[in-house]
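> Residue numbers (my numbering): 79 to 505.
Below are the structure tokens for one structure; questions will follow.
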Amino acid sequence: MTSPKPSARPEIPQAIRGTQDIIGAAAESFGFVVATFERLRRLYRFGRVEMPVFEKTPVFARSLGETTDVVSKEMYSFDDRGGESLTLRPEFTAGLARAYLTNGWQQFAPLRLATHGPLFRYERPQKGRYRQFHQLDAEVIGSGEPETDVEMLCLADHLLHELGIADGVTLQLNTLGDAVSREAWRHALIGYFRDHRASLSEDSQDRLERNPLRILDSKDPRDQPFTAAAPRIDDFLSAEAQDFFGCVTQGLAAAGVAWTRAPGLVRGLDYYRHTAFEFVTDRLGAQGTVLGGGRYDGLIAALGGPPTPAVGWAAGIERLAMLVTESGAQFAPRLDVAVVAESIGEETKASALVAYLRRAGLTCEAFVSGSPRKRYDRALKANPALAISFDVRHETGGRTMRFLKPEALDRLRVQTLLDGWDCPVSA
Ligand code: ATP
Ligand code: MG
79 MTSPKPSARP EIPQAIRGTQ DIIGAAAESF GFVVATFERL RRLYRFGRVE
129 MPVFEKTPVF ARSLGETTDV VSKEMYSFDD RGGESLTLRP EFTAGLARAY
179 LTNGWQQFAP LRLATHGPLF RYERPQKGRY RQFHQLDAEV IGSGEPETDV
229 EMLCLADHLL HELGIADGVT LQLNTLGDAV SREAWRHALI GYFRDHRASL
279 SEDSQDRLER NPLRILDSKD PRDQPFTAAA PRIDDFLSAE AQDFFGCVTQ
329 GLAAAGVAWT RAPGLVRGLD YYRHTAFEFV TDRLGAQGTV LGGGRYDGLI
379 AALGGPPTPA VGWAAGIERL AMLVTESGAQ FAPRLDVAVV AESIGEETKA
429 SALVAYLRRA GLTCEAFVSG SPRKRYDRAL KANPALAISF DVRHETGGRT
479 MRFLKPEALD RLRVQTLLDG WDCPVSA
């Protein structure tokens with residue numbers, strides 16, 4: 079006779095590769111990054127905008143360009159039940175440009191926008207690189223002045239300082255020139271790389287005809303000797319483009335924002351103009367770029383809108399949060415008051431006091447469950463500035479409330495508050 083099979087346990091579902099469940103110090107750092115960004119974007123008068131997490135696929139395919147890594151390899155695209163191809167947003171800018179046009183936001187130009195939230199890219203997951211990650215994003219649409227580029231860079235720099243992680247993060251700055259400069263440079267790059275075609279990596283050979291600027295971005299060691307010696311944009315800048323870059327660098331000097339020149343820093347797509355930048359650190363291993371952006375004057379026109387200058391940046395929240403955690407910042411909210419019901423029957427009173435003190439703005443926790451004897455120990459473990467105990471055993475002169483551990487917190491303040499507390503406590 080066979081014994082009945084033990085009922086099989088259902089298999090525990092697994093998370094999707096490259097997604098994260100964030101808790102504890104990492105989650106606190108994440109929240110701190112978002113809160114700091116929210117505070118600063120108000121200071122700089124950027125309006126908040128909420129965007130859909132998915133768009134019709136062409137929004138990204140057209141604005142990012144079919145030849146970019148994001149579009150060719152990294153997009154999460156699927157057909158919905160109506161047969162339409164949709165894509166989970168891999169970045170904010172394209173959706174914002176779409177929204178600018180479809181909602182007639184031209185009337186508000188120059189439009190200063192800030193948002194943050196999840197993005198999706200099918201990448202190889204590793205430290206600092208996920209398939210669902212999160213960005214802060216700031217954009218100014220409809221402003222072509224170099225002062226706006228400076229302002230964007232100041233906001234980014236200010237953010238890093240307010241997060242306490244500016245040390246060891248470098249602003250790498252480049253200019254891609256205007257359309258004329260950029261085209262002349264592109265021609266020179268194609269000519270130069272063609273001469274070395276056979277020595278380049280397969281990827282770069284492929285980029286040569288389609289998107290030669292991106293060869294400069296290659297991390298393949300086979301490409302590096304050639305990218306280092308490639309023609310530089312400086313030799314092709316028009317007088318206007320030189321002036322523009324000059325205004326940006328003067329503005330940064332005036333604002334006290336340090337930077338280094340990165341002549342190989344490019345944005346592959348035609349609609350990028352002038353300023354391109356990244357904030358980079360070597361403290362995060364290979365994923366060292368925490369924030370990147372630039373001017374994209376041609377994008378809105380590429381989506382069918384009127385010529386509209388724009389500049390923006392995006393920062394990876396996880397990468398910023400890692401630096402914040404590494405900096406040793408502490409976020410565990412300090413517990414002002416622990417209220418302990420050390421005797422059975424005092425629980426309601428303890429809970430009522432906690433509710434009252436919380437409304438008065440103190441962080442409080444009630445210790446009212448489990449063995450009464452252990453409640454006090456648990457309360458002290460939570461390290462409150464002040465502990466208040468309700469304990470009939472200690473009743474003296476009709477008093478059942480005792481102040482214990484009257485350390486950092488102003489005990490007088492609590493006592494003053496309690497004067498107005500009408501709960502049945504014999505005092
Ligand atoms: P990378 O060179 O690291 O792939 P990127 O050029 O693709 O970055 P952007 O599209 O400019 O990055 O996005 C801006 C910022 O968003 C990056 O600097 C980084 O901090 C963050 N980021 C980009 N992709 C990821 C990802 N897969 N996981 C976590 N953060 C990311
Ligand atoms: Mg990438």
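Quick reminder that beta carbons are idealized off the backbone N, C-alpha and C, glycines included.
Under the three-state reduction of DSSP, which class applies to histidine 236: helix, strand or coil?
Histidine 236 falls in the helix class under three-state DSSP.
> Going by CA-CA distance only, name the one from Glu128, Val127, Phe124 and Ser155 that's closest to phenylalanine 138.
Considering only alpha carbons, the answer is Ser155.
> State buried or exposed for valine 344, treating a residue as buried only when at least 16 other CB atoms are found within 10 Å of its CB.
So valine 344 counts as buried.
> Mind checking whether the beta-carbon of glutamine 365 lies closer than 8 Å to any heavy atom of the ligand ATP?
Because some heavy atom of the ligand ATP lies under 8 Å away, the Cβ of glutamine 365 counts as near it: yes.
> Does any residue of chain C have a CB that is nearer than 9 Å to the CB of serine 447?
In the structure shown, chain C does not exist; there is a single protein chain.
> For arginine 451, count neighbouring Cβ atoms within 10 angstroms of its own Cβ and tell me buried if that reaches 16, exposed if not.
When all chains shown are included, arginine 451 counts as exposed.
> Could you tell me if the beta carbon of alanine 368 falls within a distance shorter than 8 Å of some heavy atom in the ligand ATP?
This sequence places valine at residue 368; alanine is not what is there. True, at least one ligand heavy atom lies under 8 Å from that Cβ.
> So does tyrosine 349 have its beta carbon nearer than 8 Å to some heavy atom of the ligand ATP?
No; taking the cut-off as 8 Å, the Cβ of tyrosine 349 has no heavy atom of the ligand ATP nearer than that.
> Which of the three DSSP states, helix, strand or coil, is assigned to arginine 176?
Reduced to three states, the DSSP call for arginine 176 is helix.
> Give the secondary structure of alanine 244 by DSSP, where H, G and I count as helix, E and B as strand, and everything else as coil.
Alanine 244 falls in the coil class under three-state DSSP.
> Whole angstroms are fine: how far does the CA of isoleucine 243 sit from the CA of aspartate 235?
In a straight line, the C-alpha of aspartate 235 is about 10 Å away from that of isoleucine 243.
> Can we count glutamate 152 as close to the ligand MG, meaning its CB is less than 8 Å from some heavy atom?
For the ligand MG, at least one heavy atom lies less than 8 Å from the Cβ of glutamate 152.
> Across which residues does DSSP place tyrosine 154 in a beta bridge pair?
Tyrosine 154 is bridged to Leu166.
> The ligand ATP and valine 344: does the residue's C-beta get closer than 8 Å to at least one heavy atom of that ligand?
False, no ligand heavy atom lies under 8 Å from that Cβ.
> Measure the beta-carbon distance from threonine 359 to serine 107 and round it to whole angstroms, keeping in mind my assumption that it falls under 8 Å.
No, threonine 359 and serine 107 are not in contact; Cβ-Cβ is about 15 Å, not under 8 Å.
> Can you confirm whether the region 268-275 touches the region 360-377 when touching is taken to mean that 3 or more C-beta pairs between the two stretches lie within less than 8 Å?
No contact exists between the region 360-377 and the region 268-275.
> Can you tell me which of Ala172, Ile100, Phe115 and Gly125 puts its alpha carbon nearest to the alpha carbon of lysine 506?
What the structure shows of the chain is the stretch from 79 to 505, and residue 506 is not part of that stretch, so it cannot be assessed.
> Quick check on this structure: which residue in His212, Ser429, Tyr374 and Ile94 has the alpha carbon closest to the alpha carbon of aspartate 256?
Cα-wise, what sits closest to aspartate 256 is Tyr374.
> Please list the terminal residues of the continuous alpha helix (DSSP H) segment that includes glutamate 133.
No alpha helix (DSSP H) holds glutamate 133; the beta strand (DSSP E) holding it covers 132-134.
> Between which two residues does the alpha helix (DSSP H) harbouring histidine 274 extend?
Segment: none, histidine 274 is in no alpha helix (DSSP H) and carries neither H nor E.
> Exposed or buried, proline 168, counting other C-beta atoms within 10 Å across all chains shown (16 or more means buried)?
The residue is buried, with at least 16 neighbouring Cβ atoms inside 10 Å.
> Which of helix, strand or coil does DSSP assign to glutamate 116?
Reduced to three states, the DSSP call for glutamate 116 is helix.
> Whose C-beta lies closer than 8 Å to the C-beta of threonine 253 among residues of the same chain, with five residues either side of it excluded?
Excluding sequence neighbours, threonine 253 sits near Ile311, Leu315, Ala319, Phe322, Phe323, Val326, His352, Thr353 and Ala354.
> In the DSSP assignment, find the beta strand (DSSP E) that holds isoleucine 466 and state where it starts and stops.
464-468 is the extent of the beta strand (DSSP E) around isoleucine 466.
> Please list the terminal residues of the continuous alpha helix (DSSP H) segment that includes isoleucine 90.
Run containing isoleucine 90: none; DSSP gives neither H nor E here.
> Do serine 141 and proline 188 count as a contact pair if the criterion is CB distance below 9 Å?
No, they are not a contact pair.
> State the Cα-Cα distance for the pair aspartate 99 and serine 296, rounded to the nearest angstrom.
Cα to Cα, aspartate 99 sits roughly 32 Å from serine 296.
> Strictly by DSSP, which residues pair up with cysteine 442?
Val415.
> Who are the Cβ neighbours of arginine 275 in its own chain at under 7 Å, not counting the five residues just before and after it?
Gln283 and Leu286, listed in sequence order.
> Taking DSSP as the reference, what is the three-state secondary structure of leucine 249?
Strand.
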